[in-house]
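Take a look at the structure:
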C-alpha cells in the first residue's frame, strides 16, 4: 500500500519531509540521553533536576514521542548543552533566497 502511494510525487514529498523531521527529533533525543548517561544521572534524577514528573522523562527517552521543545530545552540546560538549529545549504534554500529577494543589511 505504501509503495503505491509513494508513486504520487506530492505524497512522497510530504512523507520524506515528515521522515526528516522525525529523524531530527530522534537525533536530538539520542544526544540528550547520551549526555544524561555521561553525567551519571538516572532518568528520575534528571526529572527532579528540571522539575518534571519522572514518567514524562522515561517516555521521552524510551518511547516514540513528540517532545515539547520546552522540555527538550530544560533537559539541555540541566545537562549544560545547547540546542542548535544549523541551516543546511541546498538547492531548495537557494531557491527560497531567490524568491525572497536580496538580503538587506
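Residue numbers (our numbering): 1338 to 1442.
Glycine included, C-beta positions come from ideal geometry on N, C-alpha and C.
Buried or exposed for residue 1345, going by 16 or more other Cβ atoms inside 10 Å? Around the beta carbon of residue 1345, a 10 Å sphere encloses fewer than 16 other beta carbons of the protein chains shown; the residue is thus reported as exposed.
So, is residue 1359 buried or exposed, given that buried needs 16 or more other C-beta atoms within 10 angstroms? Counting the other CB atoms within 10 Å of its CB gives residue 1359 a total below 16, which places it among the exposed residues.
Taking all protein chains shown into account, do 16 or more other C-beta atoms lie within 10 angstroms of the C-beta of residue 1415, making it buried, or fewer, making it exposed? The residue in question, residue 1415, is buried, as its Cβ has 16 or more Cβ neighbours within 10 Å.
Does residue 1412 pass the burial test, meaning 16 or more other C-beta atoms within 10 Å, or should it be called exposed? With 16 or more other CB atoms across the displayed protein chains lying within 10 angstroms of its CB, residue 1412 is buried.
In whole angstroms, give me the CA-to-CA distance for residue 1352 and residue 1398. Taking the Cα positions, residue 1352 is about 24 Å away from residue 1398.
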